[in-house]
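Read the structure below first, then the notes.
There are 2 protein chains.
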Amino acid sequence: MLKQEKNYDALRLSNQLCFPLYAASKEIIKRYKPYLDEIDLTYTQYITMMVLWEKEKIGAKELGEKLYLDSGTLTPVLKTLEQKGYVTRHRSNEDERTLLVQLTDPGRKLKEKAVTIPERMASACMLLTPDESATLYTILYKILKK
Amino acid sequence: MLKQEKNYDALRLSNQLCFPLYAASKEIIKRYKPYLDEIDLTYTQYITMMVLWEKEKIGAKELGEKLYLDSGTLTPVLKTLEQKGYVTRHRSNEDERTLLVQLTDPGRKLKEKAVTIPERMASACMLLTPDESATLYTILYKILKK
DNA sequence: CACAATTTGATTGTGTTCAATTCAATTTTA
DNA sequence: TAAAATTGAATTGAACACAATCAAATTGTG
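One line per chain: the protein sequences are A and B, in this order.
Here the first sequence stands for residues 217 to 362, where the numbers follow the numbering used here.
Here the second sequence stands for residues 217 to 362, where the numbers follow the numbering used here.
What follows is the structure, encoded as structure tokens:
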């Protein structure tokens, strides 16, 4: 009997779904960089501001849940945004454990500059059809739903 | 005439495609962690080994291109894998600038342990139908194709 | 051959990212 | 109510991740 070669196909990089997901995520963030450099925000700072542009005031915990970031990541991000003058950080009166993050006027103003970014990103880098975008969106949120 | 409110819909986190991509990527890597802990590899080390399991010997530059990683990331990863005894790092004879990374026997052995990971990940975490997986795969590589 | 331009990997600096731990505040339970 | 458990943020440590820069080697051009 011939020695049977074990089947390692499952370990081929090209057979992984995790890998193109990981690579595409980094690739998109990289493509954002030139636009985000214009308003001097990193990607993480940008998505944080996005939440605040929708909801002026929010607890740090809820913010972290929306962004899928834990406190170890979010704490320095929020401190940087505070230094830049875009947010304030204060403890809640009801519960001193809770940190409330609030948008400032300069933070609100930044929204005006940022509003052109999604469209410019789309026209410059979005090679997907509307149909593909919608499908991708649905599948990704299915993964996140857990 | 009523003051027209500017349309900020494009800046809503829920309207971004980049964000679920970013979040899902991190989420999947997190789900891998328990399995990768068993063989004491990080995700980055794991995908690096994956390439080496397919191609025993490879230049650092080509490796970085396959993994979408630059030298600043790859150099410490390769040094760690060398310390763990899974790879060797040597300069090429033809071109002293080129770093050749080669799989060792322990590195090859690790493949045996790793081979169960993709299937266990799939059954534990993969809530996508085969059809969805295939679609996701295609779209992600379309993004990466650039 | 000479030398500028290019290529390649390594280094440095900044910014995440998360697990684990700590600490204070709050809530639950005995 | 007092003790125990829980919660929320901050801190720490290890590992990415990439831009910018550097040094060494090779290549291209006259």
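Glycine residues also receive a C-beta, built at the ideal position from the N, C-alpha and C atoms.
If the five residues before and after serine 308 of chain A are omitted, its C-beta is found closer than 8 Å to the C-beta atoms of Gly275, Thr314, Leu315 and Leu316, all from its own chain and listed in chain order. A residue is called buried once 16 or more other Cβ atoms fall within 10 Å of its Cβ, and proline 334 of chain B is buried on that count. Neighbourhood of alanine 240 of chain B in chain A, by CB distance below 7 Å: Leu237, Leu356, Ile359 and Leu360, in chain order.
Taking C-beta atoms under 8 Å as the contact rule, leucine 237 of chain B and serine 241 of chain A qualify, at a distance of about 5 Å. By DSSP's assignment, arginine 305 of chain B forms a beta bridge with B/Val317.
By the Cβ neighbour-count rule, glycine 280 of chain B is buried, with 16 or more other Cβ atoms within 10 Å of its own.
The C-beta of isoleucine 255 of chain A comes no closer than 8 Å to any C-beta of chain B.
Distance from the Cα of tyrosine 224 of chain B is smallest, within the candidate group A/Thr260, A/Ser339, A/Lys271 and A/Tyr251, for A/Lys271.
Of A/Ser287, A/Lys277 and A/Ala350, the smallest CA-CA separation from aspartate 311 of chain A is found for A/Lys277.
Not flagged as an interface residue toward chain B: alanine 276 of chain A, since no C-beta distance is shorter than 8 Å.
For lysine 249 of chain A, the closest Cβ of chain B is not nearer than 8 Å. Separation of leucine 343 of chain B and threonine 304 of chain A (C-alpha to C-alpha, rounded to the nearest whole angstrom) is 40 Å. Lysine 300 of chain A: not part of any beta strand (DSSP E); DSSP gives it neither H nor E. When the five nearest sequence neighbours on each side are left out, the beta carbons in the same chain lying within less than 7 Å of the beta carbon of lysine 282 of chain A are those of Val267, in order along the chain. Residue pairing by DSSP puts isoleucine 274 of chain B in a beta bridge opposite B/Val317.
In the pairwise beta carbon analysis, the segment 248 to 263 of chain A is classified as touching the segment 323 to 334 of chain A: at least three pairs are separated by under 8 Å. Between the segment 344 to 359 of chain A and the segment 284 to 299 of chain A, the count of C-beta pairs closer than 8 Å stays below three; the two stretches do not touch.
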